[in-house]
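Peer 1: So that we are looking at the same thing, I have put the structure below in structure tokens.
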Amino acid sequence: MSCGKRFTTYEVIEDLPIMVIKRDQKKELFDRSKLMNGLWRSCSKRGISTDQLESIVNETEKQIRMEVEQEVTTERIGEIVLSLLKDVDQVAYVRFASVYRQFNNVESFLKELHELLDNHGKDTTHE
Numbered sequence: 004m005s006c007g008k009r010f011t012t013y014e015v016i017e018d019l020p021i022m023v024i025k026r027d028q029k030k031e032l033f034d035r036s037k038l039m040n041g042l043w044r045s046c047s048k049r050g051i052s053t054d055q056l057e058s059i060v061n062e063t064e065k066q067i068r069m070e071v072e073q074e075v076t077t078e079r080i081g082e083i084v085l086s087l088l089k090d091v092d093q094v095a096y097v098r099f100a101s102v103y104r105q106f107n108n109v110e111s112f113l114k115e116l117h118e119l120l121d122n123h124g125k126d127t128t129h130e
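So, in structure tokens, the structure goes:
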């Protein structure tokens, strides 16, 4: 019996879940919303649009998928975000860095500020 119809099958690439290795070595699934919330807090009152934040999250996930197979550390995620955030807003960069780099003292915080200024000049576009 034939119905006279044609059937097709399309193959699509299935994104495998990304496991995040936390500082305490526990593992959990990569959660875009957690990253977005962290960015949102860092960028609060900085005039950065939701579209810009979504773009940072998208690019971060893209880089993770290109670099790793299934596991990534929170440190690596933080480094990717910082590299993207540095060009968007320096104050948001410092806020985000203070969480991900866990500065233990004022000297390490000041060192980060000096490196930011040395590498990107004294950009005041978002003062």
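Residue numbers for the sequence shown follow our numbering, beginning at 4 and rising by one.
The beta carbon of each residue, even a glycine, is placed where N, CA and C say it ideally should be.
Here the structure is a predicted model, which is why all the values come from computation and not from measurement.
1) Given this structure, state the Cα-to-Cα distance separating residue 113 from residue 69, to the nearest angstrom.
2) Leaving out five residues on either side along the sequence, give the residues of the same chain with a beta carbon under 7 Å from the beta carbon of residue 130.
3) Does the stretch 55 to 74 come close enough to the stretch 96 to 110 that 3 or more CB-CB pairs lie under 8 Å?
4) Specify whether the stretch 103 to 111 and the stretch 58 to 65 touch according to this definition: at least 3 beta carbon pairs, one from each stretch, less than 8 Å apart.
5) What number of angstroms, rounded off, separates the C-alpha of residue 25 from the C-alpha of residue 31?
6) Enumerate, from N- to C-terminal direction, the unbroken beta strand (DSSP E) stretches of 3 or more residues contained entirely within the stretch 72 to 100.
7) What does residue 21 pair with, by DSSP beta-bridge criteria?
8) Kindly indicate which residue of 91, 64 and 89 has the alpha-carbon position closest to the one of residue 79.
9) Can you have a look at residue 102 and say buried or exposed, based on whether 16 or more other CB atoms are within 10 angstroms of its CB?
10) What does DSSP give as the partner residues of residue 30 in its beta bridges?
11) Using the beta-carbon count (16 or more within 10 Å), is residue 88 buried or exposed?
Peer 2: Put simply:
1) Taking the straight line joining both Cα atoms gives about 33 Å.
2) Confidence at residue 130 is low in this model, with a pLDDT of 46, below 50, so its placement is unreliable and the value that follows should be read with caution. Excluding sequence neighbours, residue 130 sits near nothing in its chain.
3) Result no; under three Cβ-Cβ pairs closer than 8 Å.
4) Proximity of the stretch 103 to 111 to the stretch 58 to 65 falls short of the contact definition, fewer than three beta-carbon pairs being nearer than 8 Å.
5) Here the alpha carbon of residue 25 sits roughly 8 Å from the alpha carbon of residue 31.
6) List check, beta strand (DSSP E) in window: 74 to 76.
7) Paired residues: none, contrary to the question.
8) Just measuring C-alpha positions, the residue of 91, 64 and 89 sitting nearest residue 79 is 64.
9) Exposed, since its Cβ has fewer than 16 Cβ neighbours within 10 Å.
10) Bridge partners of residue 30: 24.
11) For residue 88, the number of other beta carbons within 10 angstroms of its own is at least 16, and it is reported as buried.
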